[in-house]
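Quick notes on the structure that follows.
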Amino acid sequence: MVDELTQSQLLRWIPLLPLLAAAVHGVLLVVVRRTLPRGLVILLSCGAVIASFLLSFVALIELVGVEGERILVDNVYTWIGAGRFSADVAYLLDPLSAAMSLTVTGVGSLIHVYSIGYMDEDHREDKGFQRFFCYLNLFMFAMLTLVLGDNLLLMFLGWEGVGLCSYLLIGFWYADRFNAYCGAKAFIVNRIGDFGFLVGIFLLFWSLADAGQAAVAFRDIEAGLAAIVERTVVLPDWLGFLPGAPEWRLTTLIGICLFVGAMGKSAQIPLYVWLPDAMAGPTPVSALIHAATMVTAGVYMVCRMSFLYAEAPGASALVAWTGAITAIFAATIAIAQTDIKKVLAYSTVSQLGYMFLAAGVGAYSAAIFHLVTHAFFKALLFLGSGAVILAMHHEQNTDKMGGLRSYIPRTHAVFGIGVIAIAGLPYIASGFFSKDEILLSAYLAHHVPGYMALWGIGVVTAGITAFYMFRVHFRTFFGECRAPEEVRSHIHEPKNVVLVPLYVLAFLAIFGGYLGPSEAFVPVPDANSLGNFLLPALSQEAHHVAHSTEYALAGLTTGIILLGILFAYLLYVRRPELPGRIAASLGGLSRAVANKYYVDEIYDAVIVRPLVLISDRVFFRGIDATLIDEVGANGSARAVRMLASNVLKYLQSGLAQGYLFLMIAGALAIIGYLTR
Amino acid sequence: MVPIEHAIALSGILFTIGTVGAIARRNLIVVLMSIELMLNAVNLALVAFSRLWGNLDGQIFVLMVIVVAAAEVAVGLGIVISLFRNRESMNVEDVSLLKW
Amino acid sequence: MSVLFFYVFAALAIAGALGMVLNTRNTVAAALSLVVTMVALGGVYVLLGAYLIGALQVMVYAGAILVLFLFVVMLLNLRREEFSPQRQLPTKIAAAVIGLLFLLQFLRLIDGAFGAPAAIPADFGGYRQVGTALFTDYVLAFEATSLLLLAAMVGAVILAKRRID
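Residue numbers (this note's numbering), protein chains in the order written: chain A, 4 to 679; chain B, 114 to 213; chain C, 87 to 251.
Encoded structure:
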């Protein structure tokens, strides 16, 4: 199977280079306990990632040149070989993973460069600096393994790896317990999702093996899927209320389980709660992990398994609806947030919802397109906010900002570009092309129940998105400066090493959309180069729709977006006292929204507290300390001691009569037994 | 005719009494006498079986047992005497040197 | 008739045995009680047709061994035996229990296990028959016992000798 595909030895270096850099840092920091000079750290880490990016590029060129099926493989070694089953450490480059790896390494490189400037002020002298880059490199390795792996096991390895690095990086300034808590929360919620993911993998493997097609490699699974497509699962009685009960297609069940993993990793309802708290980490971390790369792993997974989801309409519908509801839900929360990073966090959750909406209706290429543009503008927004935070001396609350455009005009400019990009204004924003592609696909998705509602939700959310993004922009950069005097005097533009990545990202945020615009908007043949590039790798058909329909839809969406911007302008520039009055008149509702609908509190009360209580009282005190320790360990010791000192002692009394007694007793016992 | 079973039962009873005496008495000499009683009980059993099967071997065995018993008593009492010389006590508890 | 004698001798034997075991005050009395048992047993032997053995029983056991016991008892001039408090009762109970169990087991095992006694020649157990068997079939054992007696004599003398220092 592998023989007919083109081999490329260079694929393995794409994840391997960052791993080597991380390993060097790790050995130096932990074993040798010496830190490298700053320049060397930068050279090693940034160099590794930039090299990975260049390699990805070279691999892409190689990929395009392949005749026949566009796939490159690199089989490094056989990891698990058991009978006829084998799982290899092997990398696969097809259009999908090529797009992902370029995005990951490209945006990753920019963020690495940005971090040189951002993390310079790290309080923890040099150790912090090197440790940060070590973790960043480790993360790049895990993410690239996830993206380039050719089988589910390797992907899961990367999946867990990015979760780990997320934990390490969110809690980077671990001296503050709150940061450590946020890191732990992210990891734990992720793990819940991972459980579902694992169940999905097991189900898939088991059913394939049952049908004689045991495999974990994606290509093998795709080939063997036909064997299990028709199988159904009978649900137990107590699940009878679910739609489609009592019999479900097996593929649907698998799809749902895998999606649970995506819910955790990509912060969809109900497992999104870790993402806003993950903002406790340094801003480059938020940009890299929680905007551009890790959270998109779920989207990638769904697209990678598109052949499965194409055969699992129930699961796809769930994906689409979860995405849509998450999108609008998170958008409403973002309206009321005052911390600049929290707004961006909820915005990320919302945009991820869009991606899943696209994937759920079968428009996988649109999802990936939005993933790429989102990586550009969200990274830009996060890094820009990082610049603002640096300028404001680590102040993150927009209540204390305002009027910054006169102080830091360049930051204002790039941030503004990011805001326009995410709002999706036509032609000048990459978000426009990708978002419209998604909405168009939803509009055309007759096979999904309630597709018109999905489209409607998408449109409304676009308006809300424009609103809250411009709200943040206005509150930060316009109006009067609400910062205290001593902070105001120190506001300055960030260093060039921080600004240059911002410029690059701004460029991409504007022009990146031209990678895959619909031909309706850019009447050039093969305008949608990204889409056409990706199609062969996904189980998707190109849709054909009249250009007039596209214009109409785009026009409607743009109108809603402009309305949102207008609202924001009115409320936050013209009449800044209005928002307060509106919030007061809405009373409880506005409080609920500002408090993120109390979801965290509900989880805490319903799930976390009872669980901790049970763990402590029942498992720890009851079973572990009492049953196992006292009764079991100490108890058995005590029993032996009692037995020995009160009973067995007399066996060796030294008195012959005692021994005689035992002899007679023993003889009696044996004779009794033998003659029973 | 003498009921052989009863003779054997008598042997058992005597053996039991001898055992109880050997275990429960504190005086060393009495313990030795109880052991003699046990030997006698065995002798009785042997004679009874010899009668039951018309085989003289049992009686020859009894002869041997008597001889051995005599020898054992001689030596045993010799030990008792030297013990008494050392410890001034006939109490069995004072000779419990077999304790580890 | 002989049955009656058997039961009389049996009762005497048991009484003597009990007298020996249960008597805690007077060791001499205990020894004498055992003498009664020995003689009674000799009678039982005779009733069972073991004439030589019966005679030897009385001569050797009652007449020599127990006399030896009496010698030693009187020589050492024993006082009344002292009891150690904590061991007393449990030991007696344990001994009684084990004795009882043993007896019950024994009686259970011999119950109905034997057939009728074999027919025996008139001379059975007489001195001629036993002597012949002893000196022909079992002469090796006979010689061995004489060695044993020699060893016992030597041992006894050495053990009981006073130290010559």
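For glycine and all other residues, C-beta sits at the position ideal for the given N, C-alpha and C.
Those residues which DSSP pairs with residue i across a bridge
i      : result
I83/A  : A90/A
N163/C : N163/C pairs with nothing; no bridge assigned.
A220/A : N154/A
N204/B : N140/B
T235/A : R252/A
L75/A  : T9/A, L96/A
D342/A : N400/A
Residue i - DSSP class collapsed to helix/strand/coil
i      : result
G152/A : strand
A595/A : helix
L688/A : In the structure as shown, chain A begins at 4 and stops at 679. Residue 688/A is therefore absent and cannot be evaluated.
N109/C : coil
N400/A : strand
D529/A : coil
D197/C : coil
G459/A : helix
N156/B : helix
W176/A : coil
K498/A : coil
M4/A   : Caution is warranted here: a pLDDT of 43 is assigned to M4/A, below 50, making its placement in the model unreliable, and the coordinate value is therefore given only provisionally. Here M4/A sits in coil by DSSP.
C484/A : coil
D223/C : coil
H450/A : coil
R478/A : helix
M395/A : coil
Residue i: CB within 7 Å of a non-hydrogen atom of the ligand FMN
i      : result
A158/B : The ligand FMN is not among the ligands present in this structure, which contains no ligands whatsoever.
Exposure label - residue i; buried when at least 16 CB within 10 Å
i      : result
F56/A  : buried
P520/A : buried
G134/B : buried
K247/C : exposed
K599/A : buried
P116/B : exposed
M145/C : exposed
W241/A : exposed
L321/A : buried
K652/A : exposed
A330/A : buried
P207/C : exposed
L589/A : exposed
A242/C : buried
For residue i, the nearest candidate out of the options (CA to CA)
i      : options                        : result
W174/A : C185/A, S350/A, L447/A, A595/A : Correcting the residue type first, residue 174/A is Gly in the shown sequence and not Trp. Checked all of C185/A, S350/A, L447/A, A595/A; the closest Cα to G174/A is C185/A.
G189/B : L141/B, M114/B, A137/B         : L141/B
P526/A : Y554/A, Y170/A, G387/A         : Y554/A
I119/A : T108/A, A540/A, V298/A, R134/A : R134/A
V158/C : V180/B, A154/B, V143/B, L169/B : V143/B
A227/C : N153/B, L157/B, L176/B         : L176/B
S112/A : P582/A, V76/A, G50/A           : G50/A
I83/A  : A93/A, A370/A, S588/A          : A93/A
Y517/A : N531/A, A294/A, H476/A         : N531/A
F480/A : Y410/A, S492/A, I224/A         : Y410/A
L574/A : A281/A, G196/A, G482/A         : G482/A
L187/C : S163/B, E118/B, T129/B         : T129/B
N193/A : A382/A, L616/A, L278/A, L228/A : L278/A
V107/A : D97/A, V150/A, N78/A           : V150/A
A101/A : A597/A, L538/A, R37/A          : L538/A
Using a beta-carbon distance cut-off of less than 7 Å, what residues from the region 184-197 of chain C approach chain A? I184, L187, F188, Q191, L195
Using a Cβ-Cβ cutoff of 9 Å, what residues of the region 658-677 of chain A are near chain B? List them in chain order. L658, A659, Q660, G661, Y662, L663, F664, I667
Chain B contacts made by the region 104-122 of chain C, where a contact means CB separation under 7 Å: L104, M106, V107, T113, A116, A117, L120
Taking a Cβ distance cut-off of 9 Å, strictly less, list which residues of the region 141-156 of chain C are near chain B, in chain order. L142, Q143, V146, Y147, A150, I151, L152, L154, F155
When you check each C-beta in the region 122-135 of chain C against every C-beta of chain B, which residues fall closer than 9 Å? T123, M124, L127, V130, Y131, L133, L134, G135
Tell me which residues of the region 173-195 of chain B have at least one Cβ-Cβ distance to chain C shorter than 8 Å, keeping chain order. I173, V175, L176, M177, I179, V180, V181, A182, A183, A184, E185, V186, A187, V188, L190, G191, I192, V193, I194, S195
Mind checking the region 141-153 of chain B against chain C and listing, in chain order, the residues whose C-beta falls within less than 8 Å of any C-beta there? I142, V143, L145, M146, S147, E149, L150, N153
Give me the subset of the region 129-140 of chain B whose CB atoms are less than 7 Å from a CB atom of chain A, sorted by chain position. T132, A135, I136
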